[in-house]
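Count the sequence shown with our numbering and you get residues 17 to 260, in order. Only one structure is covered here, and it is reproduced in the block below.
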Amino acid sequence: MTAYRYLLFDADDTLLDFRRCEREALAGALNEAGIDLAYDDCLTCYSAINRALWLDYEQNKITQTELRGERFRRMFAQLGIGQDPEDFGALYLRHFAAGSFLTSDALAVCDALKPRFDLSIITNGIRDVQYSRIGGSELKDHFDHIIVSDDVGFAKPAPEIFDYALRQIGCEDKSQVLIVGDSLSSDIRGGSAYGIDTCWYNPEHAENRSGVRPTYEIASLTELLTLLAAEAAEGPRELKIRQD
């Protein structure tokens, strides 16, 4: 068995608390724009539209530029908002780029892994926004490479973004790579199709109806430490979270 050397982490909903970032960015943008509608209605509408459009982006049905413009056009049309959706989209991105909230145990787990693995992020997103969010977080010094779909021109699950990632990290042996992410449709499907091992981060214990089988499944990031210790070629070694 070849021990893993390279860990590719998804960003949103794996290391970064996307839902909190989304909530706070939307609230800030609505407030700054003076849009006086029930926040919960706006959030429900926007989240559904945004989620559907990101799936279209993963499937190469739309470009990222189209996604950025379309999501607020649809939201404003559904809610009867008369403001310019393009201006609001720029306002939203400014607030979202400041969202550096981490998921539970993300920092502690990356602290434990950093001395023994090459850590990189592979994320579907807007380059400046993702760099701002990661750079503003306590994880900013943990990663050797940050691969953003905006830079590559392809989004997960496309093989091209994985080709790019492995070139960036200097890996020639796919068996040394593990991708960790929450999305079956992008992280797990993409990694599996590319021929690298996958770890599905599933904190909500969702049922897997995707037809894609991850190599591993974890409900908390701390489980990754036990998993990697057990898979080490030299036999189990403890990976511990620091108790500072």
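Quick reminder that beta carbons are idealized off the backbone N, C-alpha and C, glycines included. Bear in mind that the values here come from a model prediction, so they are computed numbers and not experimental data.
Check	Outcome
Which residue spans inside the region 193 to 224 form an unbroken beta strand (DSSP E) run of at least 3?	193 to 197, 213 to 217
What is the rounded straight-line gap between the Cα of Arg132 and the Cα of Arg90?	46 Å
Could you spell out where the beta strand (DSSP E) holding Ile234 opens and where it closes?	232 to 234
Tell me the rounded alpha-carbon separation between Ser226 and Leu32.	23 Å
Could you name the residues of the same chain whose beta carbon sits closer than 7 Å to that of Leu69, not counting the 5 residues immediately before and after it, in chain order?	Ile78, Leu83, Glu86, Arg87
Just to confirm the assignment, what range does the alpha helix (DSSP H) spanning Ile185 have?	175 to 185
Would you decide whether Ala41 is buried or exposed? Buried here means 16 or more other CB atoms lie within 10 Å of its CB.	buried
Determine the contact status of Leu107 and Ala45, defining contact as a CB-CB distance below 8 Å.	yes
Along the chain, where does the beta strand (DSSP E) that runs through Leu129 open and close?	Taken as a continuous stretch (DSSP letters only), Leu129 belongs to no beta strand (DSSP E), being part of the alpha helix (DSSP H) at 122 to 129.
Just list the residues that DSSP pairs Phe25 with in beta bridges.	Ile137, Val196
Which parts of the region 29 to 109 are runs of the alpha helix (DSSP H), unbroken and 4 residues or longer, counting only runs that do not cross its ends?	34 to 49, 55 to 74, 80 to 95
So, are the CB atoms of Tyr20 and Leu240 less than 8 Å apart?	no
With H, G and I counted as helix, E and B as strand and the rest as coil, what does DSSP make of Ile162?	strand
Per the DSSP calculation, Leu118 is bridged to which residue(s)?	Leu32
How close, in whole Å, do the beta carbons of Ser153 and Leu118 come, if the pair is a contact with beta carbons under 8 Å?	6 Å
Taking all protein chains shown into account, do 16 or more other C-beta atoms lie within 10 angstroms of the C-beta of Thr214, making it buried, or fewer, making it exposed?	buried
Where does Glu188 sit, in a helix, a strand or coil, going by DSSP?	coil
Measure the Cβ-Cβ separation of Pro173 and Gly141 and say whether it is below 8 Å.	no
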